[in-house]
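Residue numbers (full-length UniProt numbering): 1 to 392.
Just so you know, even glycine gets a beta-carbon here, dropped at the ideal spot from N, CA and C.
Since the structure is predicted, the reported quantities are computational estimates derived from the model, not experimental observations.
Everything on this sheet refers to the single structure shown next.
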Amino acid sequence: MPFFTRVGDVPRKRHTVFRQSDGSLYWEELIGEEGFVGDTSLLYHRNPPSALTAIEAVDGPDETLVPNHPMAPMHLALHELPAKGDAVLDRVLLLGNDDVRISYAVATTDSTLYKNSVGDELAYVESGHGAFESTFGRLDIAEGDYVIVPTSTIHRWTVAEGSELRLLFVQAVGHIDPPPRYLSARGQFVEGTPYCELDIRRPTELVEGEGTDVPVVVRTRTGLTRNTHKHHPFDVVGWHGGMYPWALNIEDFEPITGSLHQPPPMHQTFEAPGFVMCNFVPRLLDYHPEAVPIPPFHSNVDSDEVLFYARGAANTRRGTGVDVGSVTVHPAGFIHGPHPGNVERALGKDRADEYQVMVDTHRPLLVGAAAGQCADADYPFTWANLEETGRA
1 MPFFTRVGDV
11 PRKRHTVFRQ
21 SDGSLYWEEL
31 IGEEGFVGDT
41 SLLYHRNPPS
51 ALTAIEAVDG
61 PDETLVPNHP
71 MAPMHLALHE
81 LPAKGDAVLD
91 RVLLLGNDDV
101 RISYAVATTD
111 STLYKNSVGD
121 ELAYVESGHG
131 AFESTFGRLD
141 IAEGDYVIVP
151 TSTIHRWTVA
161 EGSELRLLFV
171 QAVGHIDPPP
181 RYLSARGQFV
191 EGTPYCELDI
201 RRPTELVEGE
211 GTDVPVVVRT
221 RTGLTRNTHK
231 HHPFDVVGWH
241 GGMYPWALNI
251 EDFEPITGSL
261 HQPPPMHQTF
271 EAPGFVMCNF
281 VPRLLDYHPE
291 AVPIPPFHSN
301 VDSDEVLFYA
311 RGAANTRRGT
321 GVDVGSVTVH
331 PAGFIHGPHP
341 GNVERALGKD
351 RADEYQVMVD
361 THRPLLVGAA
371 AGQCADADYP
381 FTWANLEETG
391 RA
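So, in C-alpha cells, the structure goes:
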C-alpha cells in the first residue's frame, strides 16, 4: 500500500546495527517492487531468512488450461465442486491466461506455508472466518473481505474452529493496487473515491513461529517448489515500509450512483497488469423518472468479463440457475445482458441488493479442468429458452 507502517521492534535508522539480547545481529530482509525504486518493506529476523535444508518439486493440482472453443458464455456453479481441504494445495484453477489466474478453494484445515514469487494474489472471502498469517503479522478475516497478498510474502490461511473458508483467488503477474485515479501524487486516497485509508486493515500483531525444518511451498513461473527452511519464517521481531498485506471489506465500499445507469468503471476496486476488478454492492438504483435501472445488453469487445455472485439476488439472471456461489463468464465479443423478463421487473425498483465481484481481463481467458466439472451446459441458450417459455 502507498503509506508507511511500522510494527514491532525496529532500529532508529535502516541498515544500521540492530542487536538481539545475546549480542548477535538481527537479519534484515528487504522486499521491494520495481527494482527497489517502488514500495519496499524491511523486516528484521532472528535467523537468516534464506537458510534452507532442502529444495524439491511439488506435484500440485491440475492447472492445464484450454481455449474456450467454440467460444461460449459460461455459468460455473462453484458450490458443486467437491474440492475441500488446504487453501493452498487444494485450490482448483477455473480460468486463466498469461496475466491472471482465477481459482477457488474451500478451506477446512489450516494451510501449508506458501509464497507466490510470480505476482500478487487477492483472496475474496465468500464465507467463513479465520486468519491470514504472514511474516508481516496477523489479519483476522471474515465474509466479504478482500485480502491483498504482495509477491513473495510467506503466509498461511487458518480456519476458525467450526468454520470453513470459501475463498476466490485472483493471481496476478505483477501487482494488484487501487486504481491510480483514486490516489494523489503522494499516494493518499483523494476525495470522492469509494474507499480510503480508514477502510483498510493492516497487520498490527506479529505472529510467532516455532520449529525447525519448516516447509514452504513456493509458486514460480515453472510450477510449485517446496523449500525447507532451517528456521521458521515467522521469526520477525519488527518491520517497516509500504509493501505489506492489507484487507478491505466489500461492505466498506461506498457505491457511486447516478440518475441513469453507471458503467462498471464507477465500481472499480483494483487493477493489475492485464485486468481490472470491480464490485457491485447494495445501492440506490438510477433515479431518473424514465430510468431503466439495469445494465443494457453489451459486448466486451476488449475484455472477458467474469462475475462472481457472492451474496444477494442475481436479479439480471433470474430464471437461469445463477445464484450465490455462481460465476458467469462472458467472453469478448459475446453480446450479453439481462435475461427475458428481468428488465420489466426492474422498472420502478429503487435499490439493488447484491454483492458481486467482477474481473475484467484484457486478453482472452482459457478454461481449467475444474470449470468443466461445474459448468452448466444449458447456460449459453438461456436467453432464447426463457423467451420461449414465457420469460420466467
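For this session: Spell out a yes or no on whether the stretch 132-145 and the stretch 95-107 are touching, meaning 3 or more CB-CB pairs, one atom from each, closer than 8 Å.
Result: no
Exercise. CA-CA distance, residue 266 and residue 256?
Worked result: The count along the sequence shown starts at 1 and reaches residue 266 at position 266. The count along the sequence shown starts at 1 and reaches residue 256 at position 256. Their Cα atoms are separated by approximately 6 Å.
Problem set entry | Candidates 350, 148 and 227: closest to residue 261 by CA position | For the purposes of this step, residue 261 is taken as residue 261 along the sequence shown, with counting starting at 1. Minimum Cα distance to residue 261 is reached at 350.
For this session: Find the nearest neighbour of residue 283 within the set 234, 289, 274 and 294, judged by alpha-carbon distance.
Result: The residue labelled residue 283 in the question sits at position 283 within the sequence shown. Nearest option by C-alpha distance: 294.
Problem set entry | Start-end ranges of the beta strand (DSSP E) lying completely within the stretch 344-392, minimum 3 residues | 354-361 and 366-368
Exercise. Is residue 364 near the ligand SAH, with its Cβ less than 7 Å from a heavy atom?
Worked result: For the ligand SAH, the structure offers nothing, since it holds no ligand at all.
Exercise. Residue 243: buried (16+ other C-beta within 10 angstroms of its C-beta) or exposed?
Worked result: By 1-based counting over the sequence shown, the position of residue 243 is 243. Answer is buried; the Cβ neighbour count reaches 16.
Exercise. What's the C-alpha gap between residue 245 and residue 347?
Worked result: By one-based count along the sequence shown, residue 245 stands at place 245. By one-based count along the sequence shown, residue 347 stands at place 347. The alpha-carbon atoms of residue 245 and residue 347 are separated by roughly 42 Å.
Exercise. Quick one: what's got a C-beta closer than 6 Å to residue 305's C-beta in the same chain, skipping five residues either side?
Worked result: Here residue 305 is taken as the residue at index 305 of the sequence shown, counted from 1. The residues are 330 and 360.
For this session: Could you name the residues of the same chain whose beta carbon sits closer than 8 Å to that of residue 288, not counting the 5 residues immediately before and after it, in chain order?
Result: Counted from its first residue, the sequence shown places residue 288 at position 288. The residues are 259 and 260.
Exercise. Assuming residue 75 and residue 324 make a contact with CB atoms under 8 Å, what is their CB distance in whole Å?
Worked result: Mapped onto the sequence shown, residue 75 falls at position 75. Mapped onto the sequence shown, residue 324 falls at position 324. Incorrect: roughly 13 Å between the Cβ atoms, too far for contact.
For this session: Report all residues from its chain with a CB closer than 6 Å to the CB of residue 277; omit the five preceding and five following residues, and keep chain order.
Result: Within the sequence shown, the letter at position 277 stands for residue 277. Only 269, 270 and 359 meet the Cβ criterion.
For this session: Look up residue 168 in the DSSP assignment and say whether it is helix, strand or coil.
Result: As a working note, residue 168 is residue 168 in the sequence shown. Three-state result, residue 168: strand.
Exercise. When the Cα atoms are used, what is the spatial distance from residue 141 to residue 301?
Worked result: Along the sequence shown, read from residue 1 onward, the residue named residue 141 stands at position 141. Along the sequence shown, read from residue 1 onward, the residue named residue 301 stands at position 301. Going from the Cα of residue 141 to the Cα of residue 301 covers about 36 Å.
Problem set entry | CA nearest to the CA of residue 281, picked from 332, 132, 357 and 68 | For this step, residue 281 is matched to residue 281 along the sequence shown. Comparing Cα positions, the closest option is 357.
Problem set entry | Selected residue, minimal CA-CA separation from residue 373, among 234, 228 and 78 | Position 373 of the sequence shown, counted from the first residue, corresponds to residue 373. For the residues 234, 228 and 78, the minimum Cα distance to residue 373 belongs to 78.
Problem set entry | Check whether residue 336 and residue 73 have beta carbons under 8 Å apart | The residue labelled residue 336 in the question sits at position 336 within the sequence shown. The residue labelled residue 73 in the question sits at position 73 within the sequence shown. Yes, the Cβ-Cβ distance between residue 336 and residue 73 is below 8 Å.
Problem set entry | Alpha carbon of residue 222 to alpha carbon of residue 340, nearest angstrom | Start at 1 with the first residue of the sequence shown, and residue 222 comes out as number 222. Start at 1 with the first residue of the sequence shown, and residue 340 comes out as number 340. For residue 222 and residue 340, the distance between alpha carbons rounds to 45 Å.
Exercise. If you drop the 5 nearest sequence neighbours on each side, which residues of the same chain put their C-beta closer than 8 Å to that of residue 113?
Worked result: Taking the sequence shown and counting its residues from 1, one reaches residue 113 at position 113. Cβ within range, chain order: 154, 155, 156, 214, 215, 216, 217 and 233.
Exercise. What is the C-beta distance between residue 151 and residue 119, in whole angstroms, given that I count them as a contact (C-beta under 8 Å)?
Worked result: What you label residue 151 is simply residue 151 of the sequence shown in a count that begins at 1. What you label residue 119 is simply residue 119 of the sequence shown in a count that begins at 1. Right, their Cβ atoms sit about 6 Å apart.
Exercise. Beta-carbon separation of residue 66 and residue 367 under 8 Å?
Worked result: Position 66 of the sequence shown, counting from 1, holds the residue named residue 66. Position 367 of the sequence shown, counting from 1, holds the residue named residue 367. Going by C-beta atoms, residue 66 is nearer than 8 Å to residue 367.
For this session: State buried or exposed for residue 23, treating a residue as buried only when at least 16 other CB atoms are found within 10 Å of its CB.
Result: Taking the sequence shown and counting its residues from 1, the one referred to as residue 23 is at position 23. Exposed.
Exercise. For residue 124, which residues of its own chain have a beta-carbon under 6 Å away from its beta-carbon, when the five flanking residues on both sides are left out?
Worked result: For this step, residue 124 is matched to residue 124 along the sequence shown. The beta carbon of residue 124 lies closer than 6 Å to those of 146, 168 and 357 in the same chain, with the five residues before and after it left out.
Exercise. What does residue 187 pair with, by DSSP beta-bridge criteria?
Worked result: Numbered from 1 along the sequence shown, position 187 holds the residue referred to as residue 187. For residue 187, which the question treats as bridged, DSSP gives no partner whatsoever.
Exercise. What residue ranges within the stretch 228-289 form continuous beta strand (DSSP E) runs of no fewer than 3 residues, ordered along the chain?
Worked result: 236-241, 246-249, 268-272 and 275-280
For this session: Could you have a look at residue 4 and say whether DSSP puts it in helix, strand or coil?
Result: What you label residue 4 is simply residue 4 of the sequence shown in a count that begins at 1. Coil, per DSSP.
For this session: Measure the C-alpha to C-alpha separation of residue 55 and residue 228 and round it to an integer number of angstroms.
Result: Position 55 of the sequence shown, counted from the start, is the residue given in the question as residue 55. Position 228 of the sequence shown, counted from the start, is the residue given in the question as residue 228. When rounded, the distance between both Cα atoms is 6 Å.
Problem set entry | Residues near residue 308 in its chain [Cβ-Cβ closer than 6 Å; skip 5 each side] | Counted from its first residue, the sequence shown places residue 308 at position 308. If we look at residue 308 and ignore the five residues flanking it on each side, its Cβ neighbours are 168, 327 and 357.
Problem set entry | CA nearest to the CA of residue 209, picked from 25, 236, 224 and 181 | The residue given as residue 209 occupies position 209 in the sequence shown. The shortest C-alpha separation from residue 209 is found at 236.
Exercise. Taking the Cβ atom as the reference point for each residue, do residue 220 and residue 117 lie within a distance shorter than 8 Å?
Worked result: Position 220 of the sequence shown holds residue 220. Position 117 of the sequence shown holds residue 117. Yes, Cβ-Cβ distance for residue 220 and residue 117 is below 8 Å.
Exercise. For residue 316, which three-state DSSP category applies?
Worked result: Position 316 of the sequence shown holds residue 316. Looking at residue 316 - three-state DSSP - the assignment turns out to be helix.
For this session: Along the beta strand (DSSP E) that carries residue 162, what are the first and last residues, could you check?
Result: Reading the sequence shown from its first residue, position 162 is the one you call residue 162. Segment: none, residue 162 is in no beta strand (DSSP E) and carries neither H nor E.
For this session: Give me whichever residues DSSP pairs with residue 67 in a beta bridge.
Result: Locating residue 67 in the sequence shown gives position 67, where the first residue counts as 1. Beta-bridge pairing links residue 67 to 366.
Problem set entry | Residues near residue 45 in its chain [Cβ-Cβ closer than 7 Å; skip 5 each side] | Your numbering for residue 45 matches position 45 in the sequence shown. If we look at residue 45 and ignore the five residues flanking it on each side, its Cβ neighbours are 26, 27, 29, 235 and 236.
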